[in-house]
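As structure tokens, the structure follows; a few thoughts come after it.
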Amino acid sequence: MGTEQQAQRTRPRRRFLSLVTASFLTLGAAVAFLTPPPVAHADPIEQCTATTGAIVAVDFGPFGGKVRRGCDTTPTTGYELLHTAGFTTTGTVHDGPAFVCRIGNGSFDSGTQYPTPDKEPCTVTPQATAYWSYWIASPGQRNWTYSPLGAMARNPKPGDVDAWVYGATSIGGTSGKPAFSPDDVRAGGVVTPDPAVPTAPPTVPAGAVDVPAALRWITGKLTDGERVVDDGATAPNHFLTTEAVFALTAADRKSPAAKKAADFLATPAQTDAYAYPAGKGGIPDATAAARLALVAEATGKDPRAFGGHDLLGDLLTYVCPRDIGDGDPVDGCLTKGDFRTTGQSDAQAMAVIALLGGGVTPPAAAVHRLVGLQCEDGGFSGVLIRSGGWCDSDPIATGLITLALQRAGGYGAIVQQARGSLKKSQLPTGAWPSAPYETTGSPAATAWAAQALRALGDDAFADAGLSWLSKRQFLPAGGFGFDENDTDSRMFATAPAAVAGAKSDLVLLTTEPADPTPTTPPTTTPPAGDGPDLGKGTAYLADRSRLVQGRYYESGAGTGFADYGLTIDGAYALAATGRDNTTLRNIVDFLDKGGKDGTGRTVNDWTLIGTTYAGGGSLGKAALLAEAVGRDPRHFGGQDLIGALAKGICPAKSETPQQCAAKGNYTYATSVFSQSLGVIAQVRAGEGAAAAEPVAFLKGLQSPSGAWPSLIGEPSQDEVDSTAMAAMALDLLPDAGSQTAVDKAIAWLAAQQKDDGGFPGASGNSVNSAALAVQGMSLDAAKYTDRIAKARKFLRSQQNGDGGFRIAKEGQAGSDVRASAQAVGGATGISFGLLTRDLNGTTPEPVPSTSGRPSGGNGSPVIVTPGESGGAGSAGGSASGAGSTSGSGGGGLASTGTQVGALAVASLLLVLGGWAVTRAAGRRRERTGSGA
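Set out below in structure tokens:
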């Protein structure tokens, strides 16, 4: 699964074997998804070094073979690495190619893929005791980490090593690791870890930039209030005018002065003079075009219609297609991926940020070009050097490129090296020098370094920089000089210092603070305390770059294979906030009215209703959505989901544990998360009596501590996600026994809270687990008010500038769709058992037709900044470009978020998709028993 939380974020998908196709009648249509891609020819193993390419190793030991290695010098995803390194794979009928069910290699047994069909049909998710688990190791890392992302979502970096191992893996990825070490399979030998970076900033007195004074100085430098004109000149300095706009909007996104300057720059004559000096038909100045696009984004203008030009379109048009010397020369090009005419790395970074801010995915070569500028010390060159060229770190370029790569997502290891470089280069005064060999501080370098470190969460180091800046500000005038010895104020230094002083950064100030107006006011008020920005979170989830046609998330970007579990997770979140009911209705109508994904599948092909593989978790998940929005779960998607749940209650344990672990278990509900979803759906449908056996079975899984384990029918540890979900299910029942069980569960949840407000999950200090814990503790909000507030504050700290959330605190900083869905819904505190959203007043839109082909890149990888780096594992390989293959619900996984931790969980939870958006919002349960 490694792709499941990519697909479930590798979602340690709790093995929900509901991967099967809707019925064997549709198996023929599904064959296309199971067909392995053609065998690729691997690059010579010696070409993959500590700085070039990635290696993947597959252990065929369980099948009588040896460990086989392969190399790809330019991998884009872990899935591609596996194939280009010479391996073949087969997915499951239910999840498609994203969940790697079989692997083969031409050098072993004539290329036979294992496990063979007689051992594993690969119809639904394999058992947690027998599947291909996905492990990763970065340069310098000597131990394997269970991948928090699915193979399709993970982007291997130079020097990375991947491993696939068949067998059983624990939920936390603490067992089942490869028998060989990363060093054993590296081609270039062991990579020496980077020198330790400071753990604390320089000891300096507190200090802050006088931002109002700086802005007064900047405004005073604007001739006619609209442009910067150099002393003795008459023509405007467009470059410095853009700098002024950035500073003014950092402090106030609605700044009248910034708007006036932007209006000036947007006049055709000025745009042409600055960005199109070659005239109509000529190559634009990429640096100027990027800066003007950022100005547009910062002030609410359209970068595609600025000064009579489509700035973003022109940036894309003029990206160098090849290196100089490769074929005919291309004017203005040195290296593939350069924005033509751009000679400086800061401009390259700004162009990438501008495209991302405008909702455009930058060409991979353009982003990778930035990676190639990293020097040995982790910093970045200020010049667009060619690979292998002399590299001297530049603090300004390092700050800007770090912001760009952080915004792009998927470059966690590179960003961490840059982060370490910035910390190591900070002077004892708190300042940063303009160059590594300088011993005095530079206001501009300090400002950019502080912006980047604050964006990465290193506030203490950034504040030390502000302390130094406060001593270099010319007051009362407000400006800054070029360096410590400069006595004149300069726009070049003052503008970035003002941005840093406002505790903002170039990415943040150019990211639209979208906060959709709700069609109907939210019916609930979020718990008290500083929580995440639900408006931005909602906008992130509804963004059509992720939500294909505004209807579904894909299992893998461009595959057209819908991740229906993740799609329902997103709908839960939208229902919880009530801030975009139009999009919510589009999703619900798509599911309810037979909408098909790019491969022709409907939601019924995911629940497998009507087949022997119908899963209680997926049936319950779909039914719960219908109930939450006022639809009839007995006639949703043309099916009786409640009837199917009742039919799927196991009368006894089956020979195959996956099907029925015991009496009362729902068929193929292999996680507590799945079982809980089924119970909630039945009880909300008024079928409490019919759900008696499933309820009794769920209660019987509770441990004396009050917690629930992740998996059913397989050994697993107690976890936050499953405990919160089970508590939400039992809270719907009025009997004293159920309420006592809920009390114990909530108390156990509260005891798991970390000092920073987070909660442990399969992926580390998990966003999914924290969100579910908020929902669980909100069942008794009066007693746990402080803990809820602390958890919501933690969630806020994990929200990125694009509105999305990272998977875990220790993981990569990019946003992940699954984690974001869980965080947005969970932060409201609304229990899945009480989740309700009235869609009256919304206008139905036609369900889009499909050609039966993949959507071709409508969705971005869930993890535009892939998920966590955390230490749990990832299952098989389901993917999730904008979502995850099946969403299941449990633990790391379960939470819908699936954390990487458990393979099994990953798959299982994936399917269930479980994250519950239930918050017993502020509702006080009548406590029976213990007081408080």
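The opening residue of the sequence shown carries number -11 in our numbering; numbering runs sequentially from there.
Glycine residues also receive a C-beta, built at the ideal position from the N, C-alpha and C atoms.
Look up residue i in the DSSP assignment and give the residues it is bridged to.
i	result
Tyr772	Paired residue(s): none; Tyr772 is not in a bridge.
Leu210	Val216
Glu231	Glu231 is not bridged to any residue.
Ile637	Tyr654
Asp922	For the chain, the structure presents residues -11 to 920; residue 922 sits outside this window and is missing.
Phe793	Gln787, Asp804
Arg90	Thr78
His297	Phe294
Phe578	BP columns for Phe578 are empty, so no partner.
Ser659	Leu699
Phe327	Val307
Rounding to the nearest angstrom, what Cα-Cα distance links residue i and residue j in this structure?
i	j	result
Leu303	Gly548	28 Å
Thr305	Asp471	38 Å
Ala20	Glu707	Because the pLDDT at Ala20 is just 32, under 50, the model does not fix this residue reliably, and the point stays unresolved.
Val591	Gly582	8 Å
Ser876	Asp804	Caution is warranted here: a pLDDT of 32 is assigned to Ser876, below 50, making its placement in the model unreliable, and the coordinate value is therefore given only provisionally. Looking at the two C-alpha atoms, the distance is approximately 16 Å.
Leu720	Ala443	42 Å
Leu236	Ala246	6 Å
Gly789	Asn225	30 Å
Ser135	Ala223	55 Å
Arg241	Thr655	53 Å
Ile206	Ser458	17 Å
Ala863	Ala678	Caution is warranted here: a pLDDT of 39 is assigned to Ala863, below 50, making its placement in the model unreliable, and no coordinate value can be reported.
Arg57	Ala151	9 Å
Val730	Ala759	17 Å
Ala276	Pro291	12 Å
Gly345	Gln690	47 Å
Ala167	Asn131	11 Å
Trp118	Lys491	The amino acid occupying residue 118 in the given sequence is Ala; Trp does not appear at that position. Roughly 49 Å between the two C-alpha positions.
Helix, strand or coil: which one does DSSP assign to residue i?
i	result
Tyr122	strand
Trp420	coil
Asp132	The residue asked about is misnamed: residue 132 is Trp in this sequence, not Asp. Note: Trp132 maps to coil in three-state DSSP.
Ile734	helix
Pro431	helix
Asp706	strand
Ser664	helix
Tyr541	coil
Gln740	coil
Ala263	helix
Asp446	coil
Gly608	helix
Asp273	coil
Asp521	coil
Tyr67	helix
Phe468	coil
Phe368	strand
Tyr528	helix
Pro224	strand
Ser458	helix
Measuring from the CB of residue i, is there a heavy atom of the ligand HEM at a distance below 6 Å?
i	result
Gln690	The ligand HEM is absent from the structure shown, which contains no ligands of any kind.
Got a sec, what are the start and stop residues for the alpha helix (DSSP H) residue i sits in?
i	result
Ile818	Premise fails: Ile818 is in no alpha helix (DSSP H) and is neither H nor E.
Ile700	Careful: Ile700 lies outside any alpha helix (DSSP H) and carries neither H nor E.
Asn753	Careful: Asn753 lies outside any alpha helix (DSSP H), inside the beta strand (DSSP E) at 752 to 754.
Val192	Looking at the DSSP string, Val192 is not in any alpha helix (DSSP H), and its letter there is neither H nor E.
Thr555	552 to 565
Ala922	Past the edges of the chain, shown from -11 to 920, lies residue 922, and the structure says nothing about it.
Asp593	592 to 595
Met140	From DSSP, Met140 is part of no alpha helix (DSSP H); its letter is neither H nor E.
Leu689	It is not in any alpha helix (DSSP H) - Leu689 carries neither H nor E in the DSSP assignment.
Lys247	244 to 253
Ile341	333 to 345
What span of residues does the beta strand (DSSP E) with residue i cover, start to end?
i	result
Asp60	55 to 60
Phe624	That residue, Phe624, is in no beta strand (DSSP E); it is neither H nor E in DSSP.
Pro748	747 to 749
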